[in-house]
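In order, the protein sequence lines correspond to chains A and B.
Residue 45 in full-length UniProt numbering sits at position 45 of the first sequence, and the numbers go up by one each step.
Residue 77 in full-length UniProt numbering sits at position 77 of the second sequence, and the numbers go up by one each step.
Glycine included, every Cβ here is placed at the ideal spot set by N, Cα and C.
All remarks here apply to the structure that follows.
2 protein chains.
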Amino acid sequence: MGKEFVKDITAMDVDFAQWYTDVVTKADLIDYSSVRGSMIIRPYGYALWENIKNELDSRIKETGHENVYMPLFIPESLLQKEKDHIEGFAPEVAWVTHGGEEELAERWCVRPTSEVLFCEHYKNIIHSYRDLPKLYNQWANVVRWEKTTRPFLRTLEFLWQEGHTCHATDEEAHEETVRMLDVYADVCENVLAIPVVKGQKTDKEKFAGAKYTYTIESLMHDGKALQSGTSHHLGDGFAKAFGIQFTDKDGALQHVQQTSWGFTTRIIGAMIMVHGDDRGLVIPPKAAPTQVMIVPIAQHKEGVLDYAYELKKTLARVARVDIDGSDKKPGWKFNEYEMKGVPLRLEVGPKDIENNQVVLVRRDTGEKTIVLTDHLEEKITEILKDIQRHLFEKAKALREEKTYMAQNFSELKEIFAEKTGFVKAMWCGDRSCEDQIKEETGATSRCMPFNQEAISTECVCCGKAAKKQVYWAKAY
Amino acid sequence: MGKEFVKDITAMDVDFAQWYTDVVTKADLIDYSSVRGSMIIRPYGYALWENIKNELDSRIKETGHENVYMPLFIPESLLQKEKDHIEGFAPEVAWVTHGGEEELAERWCVRPTSEVLFCEHYKNIIHSYRDLPKLYNQWANVVRWEKTTRPFLRTLEFLWQEGHTCHATDEEAHEETVRMLDVYADVCENVLAIPVVKGQKTDKEKFAGAKYTYTIESLMHDGKALQSGTSHHLGDGFAKAFGIQFTDKDGALQHVQQTSWGFTTRIIGAMIMVHGDDRGLVIPPKAAPTQVMIVPIAQHKEGVLDYAYELKKTLARVARVDIDGSDKKPGWKFNEYEMKGVPLRLEVGPKDIENNQVVLVRRDTGEKTIVLTDHLEEKITEILKDIQRHLFEKAKALREEKTYMAQNFSELKEIFAEKTGFVKAMWCGDRSCEDQIKEETGATSRCMPFNQEAISTECVCCGKAAKKQVYWAKAY
């Protein structure tokens, strides 16, 4: 489209952070309020979250999990029961000290995550191996008292689901941890068209209280990484702290093995930064609140609007279709729905009606096709599928382009001095090397990928024998 | 069923409050935790809430509303902007005073309701008559610092939806207030089979900050009333306090007219107390997580379990079906799913398979029918429909039975001394009479029904000229 229609958003290359802020506000995803660090999720942003939520919720249910709801508050003494956990979360919780006029005897925090609440409940309801596994999930809001915040990426309050499960054996808990990471990867790749690297977090980066943490990591357009979902094997640490025991088949008393896993509104930030461009949002069809936006041309002419509304009704059978029948100019509308990342625009005017055709314009490629209305439903289904495929391929290609390899420390530093992206390099396993890399390059270990490549035999930092290949990156 | 299978729950007539507590815990709807006044909503309870939520959410969307999400916290200064509102809510909010280690400059409350957050946002986004109406809804948790709590009925934290809308005229806001009350009544009567009385709250009982409040009131099995949903016309009080103005078609600046309306997890308490009996829960089919529970008989015999699982697959086309294939005795299962209020039990054993039949047992009437499997799908659809209808009729008959009429104060006192239920009586409109009635009978004004009956010309309390007919009752 002509530049004259383009809303004033900063170009990505000029200032990526400002581009992001422009997009989330001007595409009507969020608004700010007087509540520092929190965001208002507006109808378009919330409809997007509802789609993601529905896709994930159905997968969580298909894998045998049940939804529950736990209290918002956690008494301080309960939070303190698991030592690593309280250490990790205490600095970033909000404390309630008064109820009405009365000061509380014990202060309560607003849940930053709900492990301890689930544990207290599990102790009540688990007694025998017959009670296992327990596969619970919760959709909720949580609060972490962040100093610096950005819409979706890091907010004081965010929405998420948190799964919490109990198993009879370490092996079963391990399988669950993998299974749910796979579910997250499936939603990222097949709904949001975001390619991910699956791997394990280092001990430094793992969840407070976990035995180990699995993660999916994605790469944004600016070459920074974003942790997109985590799945934790909690071992029996919480079970021992809370006394969650069961009688096994042989009559022996054992502690359960637990997992937890979470996926948040943050993923919307990832989607924006993976697919967006200088004209605004680009939403993959499977997540898009509106997949096809009908824009009537010369709508004041007799029959055009009626025809367009009829078309909407017909197409609603195969896609989420909307129509803008307002009296704004077509050019304004084109720009607005490009800004909002609607995958496909359908233009229809008097000449199209006469010729029994419509014009389809793809948001991802800008490609324009004239399609006969006889085959419209099939054609639209086909194009939406192709957009979904194309966005994934494009994101994958960009990730490959921005993925580097370093054999030694000078190479690693050179790459991070000049570029941003994933750097694959070997690691000896020592925390000190991890710290030094962070200090000298600003990059953190994103994960030890499941798919290990033997890049060299030496740690990229200290030169000692390497234990693991790691993806390093600057991250959100 | 034989008494030997019945779990130990208190009979309704012995102690209704204890019966209620027994049912919510033994039917696995909730569990308690160390968080005073809050509840854990267990899988069965949450699945019930999800069904209610889905039914209501689709109606909210069909009437043109959009879902959004507002922050959990409200800074004290923002809450204070509307005077009546803060007076109503300040005594019952939870205050956050610390974030991490740091003490806040201004304390934040945990939202008890979100009018002020919506108002702040509306001021940002509404400028012209073209921006109206704004029809927003939010699904969220809210907190009210209650001293005495009971699962579902009154909890420190509860789940709800809250609608918040802006309109150009008083008349449009009025229509919206009525429309959403009708939506609530529809969900109550046609999903939950709870008959309701629609009416207006007196000024004493209206929402803090509203011009007027409409309500639906239902009657529990013990004759106490329960407010089941409210819809408020807020007038322009909030709009003036927050400066929400728009330019009308003639170019004049006007304040918007607003509404808000809410429906909560409380309704689950109503459903329990309207339909439940001494054997436990009775859930209307449209709300039931499981509508048909298959209990295999002599399931150790070859082919029985396979047959039952096949049946489950077939019936899933017409109903939410589950199966209990565990090695517990059929009698235990019968009792368990009666306790849980599953509308229909399907028994199938070797003899039934031989005869190409199954046994259906209704939870509401206990009626047993032998049905040929050829017609099973139609038959089940038909019976579920009949259960839904029957529960509503039964509840309505009970309400009629417990609805009385009083002409004067001695009659009113006599009724409330001997009975519990709705009492229809006339009122002069004075707060002092309302207060006196409460003091001397324990009953409050539930509503001034839309459907006014002229019972007499005099106020039931003071004898002065009557203005309105009121439903009075002791209430939850």
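Check                                                                                                                                                       : Outcome
For M39/A and D250/B, I'd like the C-alpha separation in whole angstroms.                                                                                   : 35 Å
To which residues of the same chain is G2/A closer than 6 Å at the C-beta, ignoring the five residues directly before and after it?                         : Confidence at G2/A is low in this model, with a pLDDT of 41, below 50, so its placement is unreliable and the value that follows should be read with caution. Here the set comprises nothing.
Is it right to say I383/A is buried, meaning 16 or more other beta carbons lie within 10 angstroms of its own, or is it exposed?                            : buried
Which runs of the alpha helix (DSSP H) at least 4 residues long sit entirely within the region 304-332 of chain B? Give them in chain order.                : 304-315
Under the three-state reduction of DSSP, which class applies to W145/B: helix, strand or coil?                                                              : coil
Bridge partners for T215/A per DSSP, in chain order?                                                                                                        : G199/A, T230/A
From the DSSP output, in three-state form, read off D222/A for me.                                                                                          : coil
Looking at the unbroken beta strand (DSSP E) that takes in A473/B, where does it start and where does it end?                                               : 468-473
Name, please, each residue of chain B whose Cβ falls closer than 7 Å to the Cβ of H121/A.                                                                   : D31, S33, I40
Report the neighbours of C101/B on chain A: residues whose CB is nearer than 8 Å to its CB, in chain order.                                                 : According to the sequence displayed, residue 101/B carries Glu and not Cys. The contacting residues are P91.
Note down the Cα distance separating R345/A from D322/A, rounded to an integer number of angstroms.                                                         : 10 Å
State the DSSP-derived secondary structure class of S456/B, mapped to helix, strand or coil.                                                                : coil
Are any of the Cβ atoms in chain B nearer than 8 Å to that of V143/A?                                                                                       : yes
Strictly below 9 Å CB to CB, what residues from chain E border A239/B?                                                                                      : Although the question refers to chain E, the structure presented lacks it and instead comprises the protein chains A and B.
So the candidates are E146/A, G229/A, Q254/A, S128/A; which of them puts its Cα closest to the Cα of V35/A?                                                 : E146/A
Given that a residue counts as buried once 16 or more other Cβ atoms are within 10 Å of its Cβ, and exposed if not, what is P91/A?                          : exposed
Quick one: using the 10 Å Cβ neighbour count with 16 as the cut-off for buried, is D364/B buried or exposed?                                                : buried
Of the choices V68/A, P285/A, C109/A, T403/A, whose alpha-carbon is the least far from that of L159/B?                                                      : V68/A
Sorted by chain position, which residues of the same chain lie with C-beta nearer than 7 Å to T373/B's C-beta, five sequence neighbours on each side aside? : N356, Q357, V358
Counting Cβ pairs, one atom from each stretch, are 3 or more of them under 8 Å apart for the region 451-460 of chain A and the region 404-420 of chain A?   : yes
Whose C-alpha, out of P285/B, R320/B, S33/B, M271/B, is nearest the C-alpha of P294/B?                                                                      : Reading off the sequence shown, one finds Ile at residue 294/B, where the question assumed Pro. Ranking P285/B, R320/B, S33/B, M271/B by Cα distance to I294/B puts R320/B first.
Just mark residue 490/A as buried or exposed, buried being the case when its beta carbon has 16 or more other beta carbons within 10 Å.                     : Missing from the structure shown is residue 490/A; chain A here goes from 1 to 476 and no further.
Please state whether DSSP places H65/A in a helix, a strand or coil.                                                                                        : coil
Looking at A11/A: is its Cβ nearer than 8 Å to the Cβ of G341/A?                                                                                            : no
Would you tell me roughly how many angstroms separate the C-alpha atoms of Q227/B and C188/B, rounded to the nearest one?                                   : 12 Å
Report the neighbours of M293/A on chain B: residues whose CB is nearer than 9 Å to its CB, in chain order.                                                 : Under the 9 Å cutoff, chain B gives no residues; its nearest Cβ is about 16 Å from M293/A.
Under 8 Å between the Cβ atoms of I380/A and V292/A?                                                                                                        : yes
Distance cutoff 8 Å, beta carbons only. Does W95/A sit that close to anything in chain B?                                                                   : yes
Which residues, in chain order, does the region 59-76 of chain B contribute to contact with chain A at a C-beta distance below 8 Å?                         : E66, N67, V68, Y69, M70, P71, L72, F73, I74, P75
N124/B CB to nearest chain A CB: under 8 Å?                                                                                                                 : yes
Taking a Cβ distance cut-off of 7 Å, strictly less, list which residues of the region 387-399 of chain A are near chain B, in chain order.                  : none
What span of residues does the alpha helix (DSSP H) with A346/A cover, start to end?                                                                        : This sequence places Leu at residue 346/A; Ala is not what is there. Element bounds for L346/A: not the alpha helix (DSSP H) but the beta strand (DSSP E), 344-348.
Whose Cβ in chain B lies nearer than 7 Å to the Cβ of L48/A?                                                                                                : Going along chain B, no residue has its Cβ under 7 Å from L48/A, so there is no contact; the nearest lies around 11 Å.
If I measure Cβ to Cβ from H300/A and keep anything under 6 Å in the same chain, skipping five residues before and after, which residues do I get?          : none
Out of T202/B, N51/B, L192/B, Y32/B, which has the shortest C-alpha to C-alpha gap to D430/B?                                                               : T202/B
Counting only beta-carbon separations shorter than 8 Å, does V110/B have a partner in chain A?                                                              : yes
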